[in-house]
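Everything below concerns the one structure shown next.
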Amino acid sequence: MEYGYIRVSTNLQDHTRQEKALLEYGILAENIYSDIGSGKDFNRPQYQKLINKVIKAGDTLVITSLDRLGRDMKLILENYNLIVDTRGVTLISLEQPELNSTNPILKTVMLSIYTMLADFERKTMLDRQRQAYNSMKKTDTGKLISNKTGEVVGRKKASHSFRKEDIELLKKWIDKTTELTTNQVLKALDISRPTLYKLKKEYLNGELKI
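Start counting the sequence shown at 0; every next residue gets the next number (numbering that gives the first Met the number 0).
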């Protein structure tokens, strides 16, 4: 039996591209499992159901890219080995066919190289984000000023009218792809902690229109 797995960071991200690729490969719609959440860990209900209750030795699992298995080298390797070695499942990556488990010669070397590069790219992104934050000027009241626009970063209280950089910061905080602390995010967006978590809940439920 062939199955597909989709992961998107938030439910506002369109998973149509991944779903289309799996359907075009030949995976039946009812055999596609999807989760909404960060790749930081794999406490994902549909993934856990697929791996622990549905898929069996001899089955095939198709994903669009290996980064669906995790965000860093450790998680990708752990889940790759769980699927292929422990569960006895054939793993197909549509965007990295050279890393398919059907290719044992190149699999180990190429997988290590790919995950190392993915880990490096993520660390580079976080470092650039941290440098950009540290380089931002502040107003007399301590609010951050965007280097790009020269405007104060944040939004008016009790308003859902976000600036572009606010949206990106909120997404990264929810997705845990920012190294900024929650307090720093609160200050940048100029909102209270209860408001931030309320926005997070609305965002994940698709109730927040931005």
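Backbone N, C-alpha and C define an ideal beta-carbon position, used for all residues, glycine too.
Rounded to a whole number of angstroms, what is the C-alpha to C-alpha distance between residue i and residue j?
i, j, result
"Arg16", "Thr181", "32 Å"
"Lys52", "Ile82", "13 Å"
"Asn102", "Glu164", "43 Å"
"Ser100", "Ile91", "7 Å"
"Glu29", "Thr148", "46 Å"
"Leu65", "Ser191", "37 Å"
Is residue i near the ligand NAP - that is, is its Cβ less than 7 Å away from at least one heavy atom of it?
i, result
"Tyr24", "No copy of the ligand NAP appears in this structure; indeed no ligand is present at all."
Just mark residue i as buried or exposed, buried being the case when its beta carbon has 16 or more other beta carbons within 10 Å.
i, result
"Ser33", "buried"
"Thr177", "buried"
"Thr114", "buried"
"Tyr196", "exposed"
"Asn78", "buried"
"Ile31", "buried"
"Val7", "buried"
"Val108", "exposed"
Which of the three DSSP states is assigned to residue i in this structure?
i, result
"Val7", "strand"
"Ile54", "coil"
"Lys19", "helix"
"Asp118", "helix"
"Leu90", "strand"
"Ser33", "strand"
"Glu150", "coil"
"Thr85", "helix"
"Lys136", "strand"
"Leu60", "strand"
"Leu143", "strand"
"Glu206", "coil"
"Glu1", "strand"
"Thr180", "coil"
"Asp189", "coil"
For this session: Determine, using beta-carbon pairs with one atom in the region 80-94 and one in the region 123-135, whether at least three such pairs fall under 8 Å.
Result: no
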